[in-house]
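Read the structure below first, then the notes.
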Amino acid sequence: MTPRNQDVLLNGVTGVLVLADGTVYQGYGHGAAGSALGEVCFNTAMTGYQEILTDPSYMDQIVAFTFPHVGNVGVNPDDVEQLGNDPTRAAKGAIFRDAPTPPANWRSTMSFNDWLTSRGVVALSGIDTRALTKRIREHGMPHGVIAHDPEGKFDIAALQKQAAEWAGLVGLDLAIKATSAQSSDYNTNLWVWPEGYSDGTKHEHNVVVIDYGVKQNILRALVDIGAKVKIVPAETKAEDILALKPDGVLLSNGPGDPAATGAYAVPEIQKLVASGTPVFGICLGHQMLALALGAKTVKMDQGHHGANHPVKDITTNKVEIVSMNHGFAVDRDSLPAGVVETHVSLFDNTNCGIALANKPVFSVQHHPEASPGPVDSLYLFERFAGYMKDAKAVVA
Numbered sequence: 026m027t028p029r030n031q032d033v034l035l036n037g038v039t040g041v042l043v044l045a046d047g048t049v050y051q052g053y054g055h056g057a058a059g060s061a062l063g064e065v066c067f068n069t070a071m072t073g074y075q076e077i078l079t080d081p082s083y084m085d086q087i088v089a090f091t092f093p094h095v096g097n098v099g100v101n102p103d104d105v106e107q108l109g110n111d112p113t114r115a116a117k118g119a120i121f122r123d124a125p126t127p128p129a130n131w132r133s134t135m136s137f138n139d140w141l142t143s144r145g146v147v148a149l150s151g152i153d154t155r156a157l158t159k160r161i162r163e164h165g166m167p168h169g170v171i172a173h174d175p176e177g178k179f180d181i182a183a184l185q186k187q188a189a190e191w192a193g194l195v196g197l198d199l200a201i202k203a204t205s206a207q208s209s210d211y212n213t214n215l216w217v218w219p220e221g222y223s224d225g226t227k228h229e230h231n232v233v234v235i236d237y238g239v240k241q242n243i244l245r246a247l248v249d250i251g252a253k254v255k256i257v258p259a260e261t262k263a264e265d266i267l268a269l270k271p272d273g274v275l276l277s278n279g280p281g282d283p284a285a286t287g288a289y290a291v292p293e294i295q296k297l298v299a300s301g302t303p304v305f306g307i308c309l310g311h312q313m314l315a316l317a318l319g320a321k322t323v324k325m326d327q328g329h330h331g332a333n334h335p336v337k338d339i340t341t342n343k344v345e346i347v348s349m350n351h352g353f354a355v356d357r358d359s360l361p362a363g364v365v366e367t368h369v370s371l372f373d374n375t376n377c378g379i380a381l382a383n384k385p386v387f388s389v390q391h392h393p394e395a396s397p398g399p400v401d402s403l404y405l406f407e408r409f410a411g412y413m414k415d416a417k418a419v420v421a
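Numbering (the working numbering), first residue to last: 26 to 421.
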C-alpha cells in the first residue's frame, strides 16, 4: 500500500509504519501485536532473514527487507545468531513486501510468523518496500513506530509523536545491553553439510572475545581456526583480559553508537594494543579500534545492510562480496599516522578496514563470518591465526 499522511486508514489494515514526519505506511500486521519504536533501515539480502533478525547489531532498529519473499525456509534453533534467548537483544520490528509464506524446508522447526510472535517481534507486510527503500536512500534512516493490531485500531497521532520525540541511536550505548552478563567458553565449529555443527577439537590459540553483541558465527569461525574461545562482557578491564593470557583478542560486532560505547571500551582497547597482543575488530569492534587509535566515527545517512556489498582489500587488490550491517562508519580523513586503510567499500568509498603499522592489530567494517552472506572474507580469520602464531613464535 502507498504511504499516506493522514489518519484515515483503509479497510482491512491491521498494521502500520508511522514515521517521525507523519508519513504512514498501511498494510497487514504479522508476528506480535503491539508496537515497536526504532530506526528504520533496509536490508538487501535475499536469504538469512532469521540470522538478520537475531543479530544483536540490529537492536533498536526496524528492518525492511528489499527481497519480497520471506518465510519459505521457516526457522530453526541452529540459525539464531545472538547468544542467549533474550529477544530484546536484536531487531525490534520487520517489514516485508509480501506476507510470510508457509515453511518448505527440511531444517524448519517452526513457521516464520509463529516465531516472530514467540519473540515479540512486530512485523508488517503489504507496503511498497521499494518506495520505502528509495525514501531511505534519499533522506536517510528515519525514526518510526511499527504497530500491529488485529482489529485495525491505531492512534496515528500518538504513534507519530512517539517517533518524532525519540532521540535515536546517536550517543546511545546499546552494547551494554547486548553484551553477556558473565564470562563463558564457546566451542562450536562452523556448520558443515550434512552433519551440521560439531565441537572444536583443535585448541591451538587462546582467544578472548570482548562481547559487544557478538554473533555466534564469529565465534564458530574462531573455533574453526583452532581457537579456544573465552567470551567476556563489554566492560571487562584490559588487566583481567590479559590475565587470561590470550594469544589474541577479538573485538566483536554490536549495536549503537561506537563513540558512546567507546567511553568505557576505548581505554581498555588502548591497553590491549599497547600490550602487543594481536587484536582483530569486526564491525562495532572495527569502529572502536579506530577510536582507540585516534580516529573518529560518523553517523551514516542510510548505512550498509545486506549481503551483496563489494569491498576491495587494498593489501591484496582482491574485490570481495561481503555481508554488511552498520549505521556508523570510520572517518578515513581522521586516521592518524601509523594507521593504514586496508579495505574500502566500492559502493560509496567509505572505509571498511584498518591496520596498525608494525603491529598485529587490524579490523574490518564488514562481517567476514558471513551469516548470512558469501564467504569471500572468511580468510581474515586465518590472517588473525597467522598473527597469533607469529606472536607466539617471537615470545618462544
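Here a beta-carbon is modelled for each residue, glycine too, at the ideal position from N, C-alpha and C. Keep in mind that this is a model prediction, so the values were computed, not measured.
### Query
Which residues in the same chain as alanine 70 place their Cβ atom closer than 6 Å to its Cβ, once the five residues preceding and following it in sequence are excluded?
Excluding sequence positions up to five before and after alanine 70, its CB lies within less than 6 Å of the CB of Gly331, Ala332 and Pro397, all in the same chain and listed in chain order.
### Task
Tell me where the beta strand (DSSP E) around histidine 173 begins and ends.
From DSSP, the beta strand (DSSP E) with histidine 173 extends over 168-173.
### Query
Should lysine 296 be flagged as near chain D, meaning a C-beta pair shorter than 7 Å?
Note that chain D does not occur in the displayed structure, where there is just one protein chain.
### Task
Taking the CB atoms as reference points, tell me whether glycine 225 and valine 248 lie closer together than 7 Å.
Yes, Cβ-Cβ distance for glycine 225 and valine 248 is below 7 Å.
### Query
What do you get for leucine 35, buried or exposed, if any count of 16 or more other CB atoms within 10 angstroms of its CB means buried?
Taking all protein chains in view, the Cβ of leucine 35 is surrounded by fewer than 16 other Cβ atoms within 10 Å, so the residue is classified as exposed.
### Message
Comparing C-alpha positions only, which one of Asn212, Phe179 and Tyr53 sits nearest to isoleucine 243?
### Response
If we check each option's Cα against that of isoleucine 243, Asn212 comes out closest.
### Task
Could you have a look at tyrosine 18 and say whether DSSP puts it in helix, strand or coil?
For residue 18 there is no data in the structure shown, the boundaries of the chain being 26 and 421.
### Message
Measuring alpha carbon to alpha carbon, tell me which residue in Ser209, Val43 and Ala410 is nearest glutamine 187.
### Response
The candidate whose alpha carbon is nearest that of glutamine 187 is Val43.
### Message
Tell me which residue opens and which closes the beta strand (DSSP E) that lysine 337 is part of.
### Response
Where lysine 337 is concerned, the enclosing beta strand (DSSP E) stretches over 321-338.
### Query
For aspartate 210, does the count of other Cβ atoms within 10 angstroms reach 16, so buried, or fall short, so exposed?
Under this definition aspartate 210 is an exposed residue.
### Query
How about alanine 192 and threonine 286: do their beta carbons lie closer than 7 Å?
A distance of 7 Å or more separates the beta carbons of alanine 192 and threonine 286.
### Query
What are the start and end residues of the alpha helix (DSSP H) that includes leucine 141?
Residues 137-144.
### Query
Per the contact definition of three or more C-beta pairs closer than 8 Å, is the segment 334-343 in contact with the segment 296-304?
Counting Cβ pairs under 8 Å, fewer than three are found: no touch.
### Task
Report the residue from Gly109, Ser143 and Ala268 whose alpha carbon sits nearest the alpha carbon of aspartate 236.
Considering only Gly109, Ser143 and Ala268, the residue with the shortest C-alpha distance to aspartate 236 is Gly109.
### Query
valine 147 and histidine 173: beta carbons closer than 7 Å?
For the 7 Å CB-CB criterion, valine 147 and histidine 173 form a contact.
### Same chain, Cβ closer than 6 Å to arginine 132, neighbours up to 5 away in sequence not counted
So the list reads Asn101, once near-sequence residues are dropped.
### Message
Applying the 10 Å Cβ sphere with the 16-neighbour rule, what's the burial state of proline 112?
### Response
Buried, by the Cβ-count rule.
#### Entry: Alpha-carbon spacing of valine 323 relative to valine 400, whole angstroms
Computed Cα separation, rounded: 27 Å.
#### Entry: Residues near glycine 310 by beta carbon distance below 8 Å, same chain, minus five either side
Beyond the five residues adjoining it in sequence on each side, glycine 310 comes within less than 8 Å, by CB distance, of Ile235, Tyr237, Leu275, Leu276, Ser277, Asn278, Gly279 and Ser388 in the same chain, given in chain order.
### Message
From the DSSP secondary-structure annotation, give me the bridge partner or partners of glutamate 106.
### Response
Paired residue(s): none; glutamate 106 is not in a bridge.
### Query
Do the CB positions of glycine 177 and valine 291 come within less than 7 Å of each other?
Their beta carbons are not under 7 Å apart, which means glycine 177 does not touch valine 291 by this criterion.
### Query
How big is the Cα-Cα spacing for glycine 251 and glutamate 229?
So the alpha carbons of these two residues sit roughly 5 Å apart.
### Query
Start and end of the beta strand (DSSP E) containing histidine 230?
Following the DSSP letters along the chain, one finds histidine 230 inside the beta strand (DSSP E) bounded by residues 230-236.
### Message
Quick test of the definition: if touching needs 3 or more C-beta pairs under 8 Å, does the segment 152-160 touch the segment 301-318?
### Response
Contact fails: fewer than three Cβ-Cβ distances are below 8 Å.
#### Entry: Counterpart residues of tyrosine 211 in DSSP-defined beta bridges
DSSP output for tyrosine 211 lists Val254 as bridge partner(s).
### Message
Let me check understanding here. Comparing Cα to Cα, which of Val65, Gly59 and Phe179 lies closest to glycine 328?
### Response
Nearest option by C-alpha distance: Val65.
### Query
How many Å lie between asparagine 30 and valine 355 at the Cα?
Any reading at asparagine 30 is ruled out, since the residue's pLDDT is 49, under 50, leaving its predicted position unreliable.
### Query
Secondary structure at tyrosine 222, three-state DSSP: helix, strand or coil?
Coil at tyrosine 222, not helix or strand.
### Message
Rounding to the nearest angstrom, what Cα-Cα distance links proline 335 and tyrosine 404 in this structure?
### Response
For proline 335 and tyrosine 404, the distance between alpha carbons rounds to 16 Å.
### Query
Thinking just about the alpha-carbon of each residue, which of Val217, His391 and Gly73 is nearest to the one in threonine 367?
Closest by alpha carbon: His391.
### Task
With DSSP collapsed to three states, give me the class of alanine 290.
Alanine 290 falls in the helix class under three-state DSSP.
### When Val369, Met413, Gly411 and Asp46 are compared against alanine 182, the one with the closest alpha-carbon
Of the residues Val369, Met413, Gly411 and Asp46, the one whose Cα lies closest to the Cα of alanine 182 is Asp46.
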